[in-house]
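A.B. asks:
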Amino acid sequence: MQAPNVATAAAATPANDIAATVDADNHDEGIDADGEESSQADTESIRTTSTASLSESITEYRRIHGRTFSQKTDYWGPNDEKQNEALDIAHYWEIVFFDDKLFLAPIGDSPQKVLDLGTGTGIWAIDFADEFPSAQVTGVDISPIQPGWVPPNCKFQVDDIEQPWTWSEDFDFIHIRHLEASIADWPALYKQAFDHLVPGGYVEVKEFDITTRSQLYGDDIPKDHVFSRWAPVFFEAADKLGKTLTQTHNRGIARALEAVGYVDIVEKRYSIPIGAWPKDTKMKEVGECNLLYNDQSLEGFALFLLKEIMGWEYAEIIVFVAEMRKALRDPKLQAYFHLHVVYARKPEEQKEAQAEI
C-alpha cells in the first residue's frame, strides 16, 4: 500500500507554554455523523475488504496461538504478516487524515539526516525518503520486517532503541510513532534523541490514547460497556510489564520533553473516528480504514498483554476482542479515539548563548 505524496509542513508555532498550546490546538470538537443507513452499508463493505500482503511472513520467532512475536520477550506486538498489514493500513489513514503530511514539525524543505524509531514495516521512512531526496533516512526496529527494495537514500537497522545508541552522527529530525507500551523509560528515550539531534533539530512523537470514546454516550459510557472495560485492563497490563500506556495523559509527552531540555513544544490532539459513520468524505475514509485497522490488529494487541501478563485464557481473550469489534462496527455509537502529536526543538546553543551575553 503506497501512501499519497506528502506535502511540506507548515511554518512553526512557537509554544513555550505547553498548557496554552495544548488547549489551543485540540481538534476534537466533534465529528458530524452520516445517516445510519449509509454508515451501516459502508461498515458492511469494510468487513469484506482485503489488502495485499506488504511484507513477507517472518517465521523465526516465538509463537503464541499461531501469531509470531519478536524474541525480545517484553514487546507485546506481533511481527507477522497480519499485524504488518495492519500497521500499513494505519499509516495510510494517518496520511489521509493529515492531508498528505508525513509530519507536522517545521523542519524545512531540505532535511539531511532523519531517524525513524520503531519503524515497523518501514513505510513512513520509505515515503519520507521518496519525498525528500536530500535526506538520508534511517529506520530502526527490533524486527527485520522491512522490505529489501527501498529508495537509495533509505536504510534499515535492527536494534533496540532502549539500549545506548551507537550512531556517531546527529540528526535533523527524529520521528517516533506508535510505540505504545513498548518503552520502559520514555524520558531516557527522549534524552537519547536530544543528544543525537543537531542544535535546532526537531523530534516528533505520535501516540494513541487507547481509551475508546463514543459521541453517542459522551462522558457517560456505561461502566459495563466494552468501551469502559477495554482500556483499564491494558493500562494495568502495561504497568505490570513496566511500560506505560498512559504517556499521553495529562500532557505527559510534552512535559517529559520539556524536562529533558526541548523548547518550542507543541502538542496537538485529534479525534480519529472508527467506522464509516462520519458525514465528511475525508473523515469517512479515515474511519473506514481505521475500522479495518482495528479489525485486523485488536487480537494482536490483546494476545500477549492479556495472556502472558494478565494470565487470561485464550478463549477469554477472543470473546473480549469479538465484543470490542462488534461495538466498533456499530455506527450508532460513533466510536473514536484521541491521537496526540507532539513536536519540539533542541535549542540552538550558540544563538542562545550569544543572546545571554
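Residues in the sequence shown are numbered consecutively from 1, following full-length UniProt numbering. Virtual Cβ for every residue (Gly too), placed ideally from N, Cα, C.
(1) If you count every other CB in all the chains shown that lies within 10 Å of the CB of Val-286, and 16 or more means buried, which is it?
(2) Could you check what DSSP says for Glu-169 in three-state terms: helix, strand or coil?
(3) For Gly-261, which residues from the same chain have a beta carbon less than 8 Å from its beta carbon, with the 5 sequence-adjacent residues on both sides left out?
(4) Where do the N-terminal and C-terminal ends of the beta strand (DSSP E) with Arg-269 fall, by residue?
(5) Spatial neighbours of Asp-185 within its chain, please: CB distance less than 8 Å, with the 5 preceding and 5 following residues excluded, ordered by chain position.
(6) Does the Cβ of residue 359 have 16 or more other Cβ atoms within 10 Å, making it buried, or fewer, making it exposed?
(7) Which parts of the segment 146-211 are runs of the beta strand (DSSP E), unbroken and 3 residues or longer, counting only runs that do not cross its ends?
(8) Under 7 Å Cβ to Cβ from Asp-172, same chain only, skipping five residues before and after it: list those, please.
(9) Classify Tyr-343 as helix, strand or coil using the three-state DSSP reduction.
(10) Cβ atoms of Ala-105 and Glu-180: under 8 Å apart, would you say?
(11) Got a sec, what are the start and stop residues for the alpha helix (DSSP H) Lys-130 sits in?
(12) Taking the alpha carbon of Ser-143 as the reference point, which residue from Asp-88, Asp-80 and Val-321 has its own alpha carbon closest?
(13) Could you give the residue range of the alpha helix (DSSP H) that holds Gly-300?
(14) Check Asp-88 in the structure and name its three-state DSSP category.
(15) Could you tell me whether the Cβ atoms of Ser-271 and Ile-31 are closer together than 8 Å?
(16) Based on the DSSP secondary-structure assignment, which residues constitute the bridge partners of Lys-113?
(17) Look up Tyr-336 in the DSSP assignment and say whether it is helix, strand or coil.
(18) Rounding to the nearest angstrom, what Cα-Cα distance links Asp-116 and Val-342 in this structure?
(19) Hey, how far is the Cα of Lys-243 from the Cα of Lys-282?
(20) Between the alpha carbons of His-338 and Thr-248, how many angstroms are there, rounded?
(21) Under a three-way DSSP split, which group does Asp-34 fall into?
(22) Chain B beta carbons: is any one of them nearer than 8 Å to that of Asp-32?
(23) Nearest-angstrom Cα distance between Asp-330 and Gly-275?
(24) Whole angstroms are fine: how far does the CA of Cys-154 sit from the CA of Ala-135?
(25) Does DSSP put Ser-143 in a helix, a strand or coil?
(26) For Ala-237 and Met-310, which I take to be in contact (beta-carbon distance under 8 Å), what is that distance rounded to the nearest angstrom?
(27) For Gly-122 and Leu-189, I'd like the C-alpha separation in whole angstroms.
(28) Count the other CB atoms within 10 Å of the CB of Glu-349; is the residue buried (16 or more) or exposed (fewer)?
(29) Check this for me: beta carbons of Ile-265 and Phe-234, under 8 Å apart or not?
C.D. replies: Judging by the given coordinates:
(1) Residue mapping note: residue 286 aligns to position 286 of the sequence shown, counting from 1. It is buried - the Cβ of Val-286 has at least 16 other Cβ atoms within 10 Å.
(2) Translated into positions along the sequence shown, residue 169 becomes position 169. It is coil, neither helix nor strand.
(3) On the sequence shown, position 261 is the one that residue 261 refers to. The answer, listed in chain order, is Phe-194, Lys-346 and Pro-347.
(4) Reading the sequence shown from its first residue, position 269 is the one you call residue 269. Segment 263-273, the beta strand (DSSP E) holding Arg-269.
(5) For this step, residue 185 is matched to residue 185 along the sequence shown. Correct list, in chain order: Glu-162.
(6) Nothing about residue 359 can be reported from this structure: the residues present for the chain run from 1 to 357 only.
(7) 154-158 and 171-177
(8) Counting from 1 along the sequence shown, the entry for residue 172 is found at position 172. Ile-107, Pro-111, Gln-112, Lys-113, Val-114, Val-198 and Gly-201, listed in sequence order.
(9) Here residue 343 refers to the residue found at position 343 when the sequence shown is read from its first residue. Residue state, collapsed to three classes: strand.
(10) Start at 1 with the first residue of the sequence shown, and residue 180 comes out as number 180. Start at 1 with the first residue of the sequence shown, and residue 105 comes out as number 105. Contact flag unset, no.
(11) Within the sequence shown, the letter at position 130 stands for residue 130. Reading off the sequence shown, one finds Asp at residue 130, where the question assumed Lys. That run of the alpha helix (DSSP H) goes 123-131.
(12) Here residue 143 refers to the residue found at position 143 when the sequence shown is read from its first residue. Comparing Cα positions, the closest option is Asp-80.
(13) Residue 300 sits at position 300 when you count from the first residue of the sequence shown. That run of the alpha helix (DSSP H) goes 281-303.
(14) For the purposes of this step, residue 88 is identified with residue 88 of the sequence shown, where counting begins at 1. Correct three-state label for Asp-88: helix.
(15) In the sequence shown, the residue the question calls residue 271 occupies position 271. In the sequence shown, the residue the question calls residue 31 occupies position 31. Yes, these two residues count as a Cβ contact at 8 Å.
(16) Reading the sequence shown from its first residue, position 113 is the one you call residue 113. In DSSP, Lys-113 forms a bridge with Gln-136.
(17) On the sequence shown, position 336 is the one that residue 336 refers to. Three-state result, Tyr-336: strand.
(18) Translated into the one-based positions of the sequence shown, residue 116 becomes position 116. Translated into the one-based positions of the sequence shown, residue 342 becomes position 342. Each residue's Cα considered, the two are about 15 Å apart.
(19) For the purposes of this step, residue 243 is taken as the residue at position 243 of the sequence shown. For the purposes of this step, residue 282 is taken as the residue at position 282 of the sequence shown. Answer to the nearest angstrom: the Cα atoms are 34 Å apart.
(20) Residue numbering aside, residue 338 sits at position 338 when the sequence shown is read from its first letter. Residue numbering aside, residue 248 sits at position 248 when the sequence shown is read from its first letter. Spanning the two alpha carbons is a distance of roughly 9 Å.
(21) If you number the sequence shown from 1, residue 34 lands on position 34. The answer is coil: DSSP assigns Asp-34 none of H, G, I, E or B.
(22) Among the chains of the structure shown, chain B does not appear; only one protein chain is present.
(23) Position 330 of the sequence shown, counted from the start, is the residue given in the question as residue 330. Position 275 of the sequence shown, counted from the start, is the residue given in the question as residue 275. So the alpha carbons of these two residues sit roughly 8 Å apart.
(24) Position 135 of the sequence shown, counted from the start, is the residue given in the question as residue 135. Position 154 of the sequence shown, counted from the start, is the residue given in the question as residue 154. Rounded to the nearest angstrom, the two C-alpha atoms are 8 Å apart.
(25) Here the question's residue 143 lines up with position 143 in the sequence shown. The answer is coil: DSSP assigns Ser-143 none of H, G, I, E or B.
(26) Locating residue 237 in the sequence shown gives position 237, counting from the first residue. Locating residue 310 in the sequence shown gives position 310, counting from the first residue. Correct: roughly 5 Å between the Cβ atoms.
(27) Here residue 122 is taken as the residue at index 122 of the sequence shown, counted from 1. Here residue 189 is taken as the residue at index 189 of the sequence shown, counted from 1. When rounded, the distance between both Cα atoms is 20 Å.
(28) Looking up residue 349 in the sequence shown gives position 349. Its Cβ having fewer than 16 others within 10 Å, Glu-349 is exposed.
(29) Taking the first residue of the sequence shown as 1, we reach residue 265 at position 265. Taking the first residue of the sequence shown as 1, we reach residue 234 at position 234. No, they are not a contact pair.
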